[in-house]
Every structure is written in C-alpha cells, then in structure tokens.
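Asker:
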Amino acid sequence: MRGRGAGRSAGPGRSGRAARAGTDYQASTGRIVGLPVRRHHVVLLGWTVLWFLLVEPSGGFSWHYLRQGEELLFSDRPDGGLALYAHHPELQIGPVSLAVARLFAPFPPHTGELLAEAVMSGLGLAMLVLVGRTAALHYLGTGTNHRRLQQRLLIAGLAFIPMWVEVSVRFAHLDDVLALFFTTLAAYELSRGRAAPVGVYLALAVDSKPWALAFAPLILALPRARWPRTVLWFAGLVALAWLPFYLGDLDTMAAAKFTIPNQPASALRWFGVTDSATPWWDRPAQFALGLSLGVLAVWRGRWPAVVLLGADARILLDPSVYTYYSASILLGTLLWDTVGQRRLVPWWSWIALAALYGGTLLLPSDPARGFVRLAFVVVSAGYVLLWPAQRRRGRGGSRRAAGEDGARRRAEREAAAV
Numbered sequence: 273m274r275g276r277g278a279g280r281s282a283g284p285g286r287s288g289r290a291a292r293a294g295t296d297y298q299a300s301t302g303r304i305v306g307l308p309v310r311r312h313h314v315v316l317l318g319w320t321v322l323w324f325l326l327v328e329p330s331g332g333f334s335w336h337y338l339r340q341g342e343e344l345l346f347s348d349r350p351d352g353g354l355a356l357y358a359h360h361p362e363l364q365i366g367p368v369s370l371a372v373a374r375l376f377a378p379f380p381p382h383t384g385e386l387l388a389e390a391v392m393s394g395l396g397l398a399m400l401v402l403v404g405r406t407a408a409l410h411y412l413g414t415g416t417n418h419r420r421l422q423q424r425l426l427i428a429g430l431a432f433i434p435m436w437v438e439v440s441v442r443f444a445h446l447d448d449v450l451a452l453f454f455t456t457l458a459a460y461e462l463s464r465g466r467a468a469p470v471g472v473y474l475a476l477a478v479d480s481k482p483w484a485l486a487f488a489p490l491i492l493a494l495p496r497a498r499w500p501r502t503v504l505w506f507a508g509l510v511a512l513a514w515l516p517f518y519l520g521d522l523d524t525m526a527a528a529k530f531t532i533p534n535q536p537a538s539a540l541r542w543f544g545v546t547d548s549a550t551p552w553w554d555r556p557a558q559f560a561l562g563l564s565l566g567v568l569a570v571w572r573g574r575w576p577a578v579v580l581l582g583a584d585a586r587i588l589l590d591p592s593v594y595t596y597y598s599a600s601i602l603l604g605t606l607l608w609d610t611v612g613q614r615r616l617v618p619w620w621s622w623i624a625l626a627a628l629y630g631g632t633l634l635l636p637s638d639p640a641r642g643f644v645r646l647a648f649v650v651v652s653a654g655y656v657l658l659w660p661a662q663r664r665r666g667r668g669g670s671r672r673a674a675g676e677d678g679a680r681r682r683a684e685r686e687a688a689a690v
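Take the sequence shown: its letters are residues 273 to 690, numbered as in my numbering.
1) Would you list the one or two residues that DSSP bridges to A599?
2) Using three-state DSSP, classify A626 as helix, strand or coil.
3) If we ignore side chains and look at the alpha-carbon of each, how far apart do G562 and W499 end up?
4) May I ask you to report which of helix, strand or coil DSSP gives A549?
5) Between the beta-carbon of R691 and the beta-carbon of A475, is there less than 9 Å?
6) Across the segment 575-584 and the segment 365-375, are there enough close Cβ pairs to call them in contact, namely three or more that are closer than 8 Å?
7) Counting pairs of beta carbons, one from the segment 477-489 and one from the segment 548-563, are three or more of them closer than 8 Å?
8) Are there 16 or more other CB atoms within 10 angstroms of the CB of D590, so buried, or fewer, so exposed?
9) Enumerated in chain order, which unbroken segments of the alpha helix (DSSP H) with a length of 4 residues or greater are wholly contained in the segment 457-490?
10) Mind pulling the alpha helix (DSSP H) runs of 4 or more residues that sit fully within the segment 356-408?
11) Compute the Euclidean distance between the alpha carbons of F543 and A624, then round it to the nearest angstrom.
12) Would you call the CB atoms of L316 and L409 closer than 9 Å?
13) Quick check: the Cα distance between W319 and A431, rounded to an integer number of angstroms?
14) Can you tell me where the alpha helix (DSSP H) holding M435 begins and where it ends?
15) Which same chain residues end up closer than 8 Å to R586 when comparing Cβ atoms and leaving out the 5 residues on each side of it in sequence?
16) Could you please give the first and the last residue of the uninterrupted alpha helix (DSSP H) stretch that includes P556?
17) Expressed to the nearest angstrom, what Euclidean distance is found between the alpha-carbon atoms of R464 and L607?
18) Between which two residues does the alpha helix (DSSP H) containing V441 stretch?
19) Would you mind working out which of D554, A526, T632 and V545 sits nearest H360, comparing C-alpha positions?
20) Note the first and the last residue of the continuous alpha helix (DSSP H) segment covering I532.
21) CA-CA distance, A290 and L646?
22) With DSSP as the reference, label R498 as helix, strand or coil.
23) Distance check for P639 and T632, CA to CA, integer angstroms please.
24) With a cut-off of 8 Å on the beta carbons, I'd call T605 and S621 a contact; round off their distance for me.
25) Hey, out of R349, G366, G654 and Y655, whose CA is closest to A477's CA?
26) Count the other C-beta atoms from every protein chain shown that fall within 10 angstroms of the C-beta of A583, then say buried if there are 16 or more, exposed otherwise.
27) Kindly list the residues whose CB is nearer than 7 Å to the CB of G384, restricted to its own chain and excluding five residues on each side of it in sequence; keep chain order.
28) Do you know offhand how far A511's Cα is from L634's?
29) With a threshold of 9 Å between beta-carbons, can A569 be considered close to chain B, or not?
30) Counting Cβ pairs, one atom from each stretch, are 3 or more of them under 8 Å apart for the segment 336-354 and the segment 412-424?
31) Closer than 8 Å is the cut-off here; do at least three beta carbon pairs connect the segment 346-353 with the segment 446-456?
32) Rounded to the nearest angstrom, what separates L626 and L515 at their Cα positions?
33) Can you tell me which of the three DSSP states W505 falls into?
Below is the structure:
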C-alpha cells in the first residue's frame, strides 16, 4: 500500500517539475505562453505594421516597372519574351522577380500592388527570424545567452524595418526584396553547413537582381571540399535564368550598358566623377570591389561582413542615391551586429540608419549627403575588416557541416529559440 501510494504521489511531482521546466524554458527564450512566437517577434511585427501604414499611402512608386516587365516577359510581342532585355534595357530586373510579380497579375491593379507590398513587408520579418537563427547556430556551443541575442536582434531590427519598408512599400522593388531575401536564406543555410542550398539561394538572388553577385563570396565560407558542388549549383542556376535571353536575342548584351544619371549627392562626385551619366567603368568596378572585399572578409574569418561590404561597394560607386539602396546596407549591418559580433547594442545598424536615411532627410546640401555616404562606406568597411574580432569557441558552420543528423536537429531546436 505504501509503495503504491508513493508511486501515485510521484506522478504529480514529476508533472509539476515538467510544467515548471516548460515555464522556465519559455521565460528563458522569451516565448509567449500558449503561442509559438517570442515577445521580440511581436514587437517587430507591430513596428512593421506601423511603418507599413505610414508609408503605404505613398507607396508603389516603382511597381509599374514590375507589371510592365512581367507582361512583356509572358507575352508574344516582338519586344517581349526572350527579347525583353534587348528592347527594354531600362528594366534592370531579374527574370525570377518578373516571374514572382506574375503571381499578383490576376488581381485588380491596386489590389495586386497592395498584396505585393504586404508580402514584401512580411518577408522582412521572416528575414529577421532567419538572421536570429543564423546567429544562434553560428554561436552554438559558445554559451551564448539567447535572451541577450534576442535583445540584440530586436534593437537591430527596429533600425532595419524603416529601411525595409522603403524598398518593399514606398518603392515596391520586388527585385531588390527577393535578392536580399534569398541572400538571407543563403546565410542561414551557411550556418547550417548545407552547401547546395547556399549555391541555390545565392543564384536565385542574382537571378532576381544582378548586383547580388557581390554576395557570392559567401560560398568561400563553406569547407573547401564543398566549394565545387556549391559553385556548380550557383553557376548552373544563374546560367539557366539568364543565358536564354542572351541566346534568344544577341542585343541583350546592350542591356549591361544601360546608364542612369549621376546625381549630385552620389559619393562618386567626391572622386571627381562629374559625368552626367554612369561612367563606362562604373558597373564592372562595383562588382570587382564588392567581390574583392567579400573574399577578403572570408579570408579574415568574417563572413558575416560579406553582405555589408558588397552593399558598401554599391553605395560607394553607384551614381544614384535612392533611399531603397540602403536596405542592402541595413541587412549587412543586421548580419554583422547579430552574427559578426556579440555586443548587446547593435551600433552599426543605427549608425547606418542615421547616416544614410537621416542624412538624406536632414542634411542641407547634396555634397554633404555624398560625403556622409562616402564616410560611412570607408569607416564601416574598415571596421569590419580591420577591427580586432572576438574569438569564439568551435568552428560554427564548418563544424556542424560534418556533424550527425541528431546533433543538427538539436542545434536547430536551440536556434529556433531566437
């Protein structure tokens, strides 16, 4: 009798301990009781909705380019189909972006535009979650405090969202949105040590917007033995998307020479470039500089800086100064602040927002705005490449790449807490 009674009383005790353990886990990871979300996710969602409501009435500035491009791509007009870029070099939009834009074509124009803006805004939130999990996987086994990581992600995310709404709502640049989203997926897969998905997502980024080629050095952060497979996926999917247009109409080559005005507030002006339009050497120099800085970052053991450095090269040498360009910078600072370093306050995200967004709104002259852009690029690139970095225990993605499935599942469960 006594044994049976003791056995019966043990059950509720274990149940109580399990309940307390579950409550402690939810508290330690910031999870809202009864819901599959964390508190910082709810704050970021509210912040996104607020900015969406503020910007949407004046949004969709460039959506007509996406509509025009997808209509031409899927038409049988002489200037459409595979002849699209030969006849419309102003549509500097990748075929993947035009294919995705097609999904919104069945809706009435205003409804389709509104839905696209909402989806693009939602992708920004998804990217914040992915960056948090990338950081958790990157620092797995180093004793990283997840609550502290969540706080860092929240503070950086509050700076990221305003610039994300610029590209996703005010300008509705689906091509830039997809390029950055696929790049974020590539960084996440890199932290998991998965070679093929890294190549696939980086290729989709380039197929969405060609300037995403600057992020290709992320491939080099994988173990050397996995480079050939990743490069094969990357090169194959880029060729699959773009080669038909070049083979279908040889005049497509001319699209690479399309120029835009050299605006007075561009950083190019500080190099003495006073051409009225894009200099012939500018685009190749952007790619070369972005790729070189990215390779240097990986060689220095700082792959989370690759996106920031690639975006820096674009900001430094682009003749235009649209605010949506800065969304790539803010993704770069987000990755650096959360994955590249472990300070609680993500200073670079807020410095970027103040300099590139605040400077556009507050500085009185074009030369001053150009100088701030130049200064931000030089200082941020110098910092992430040269400033002494904190060492962490373990080998991150490379170590997990060789791990067993069970260890990977445990790692991903821990990362999901962020």
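Just so you know, even glycine gets a beta-carbon here, dropped at the ideal spot from N, CA and C. For clarity, every value in this text was computed on a predicted model and none was experimentally measured.
Answerer: Reading off the structure:
1) Looking at the DSSP assignment, A599 forms no beta bridge with any residue, so it has no partner.
2) helix
3) 20 Å
4) strand
5) Missing from the structure shown is residue 691; the chain here goes from 273 to 690 and no further.
6) no
7) yes
8) buried
9) 467-480
10) 356-359 and 367-373
11) 22 Å
12) no
13) 10 Å
14) H418 to V437
15) W483, A486, Q558, G562, Y597 and S600
16) D554 to W571
17) 15 Å
18) First-last for V441: undefined, no H or E at that position.
19) A526
20) Note, I532: premise wrong, no alpha helix (DSSP H); not H, not E.
21) Model confidence at A290 stands at a pLDDT of 42, short of 50, so the residue's coordinates are unreliable; what they give is reported in the following sentence. Roughly 56 Å separates the two Cα atoms.
22) helix
23) 11 Å
24) 4 Å
25) G366
26) buried
27) F376 and A377
28) 43 Å
29) Of the protein chains in the structure, only one exists, and it is not chain B.
30) no
31) no
32) In the sequence as presented, Leu is not what sits at residue 626; that position holds Ala. So the two alpha carbons sit approximately 41 Å from each other.
33) helix
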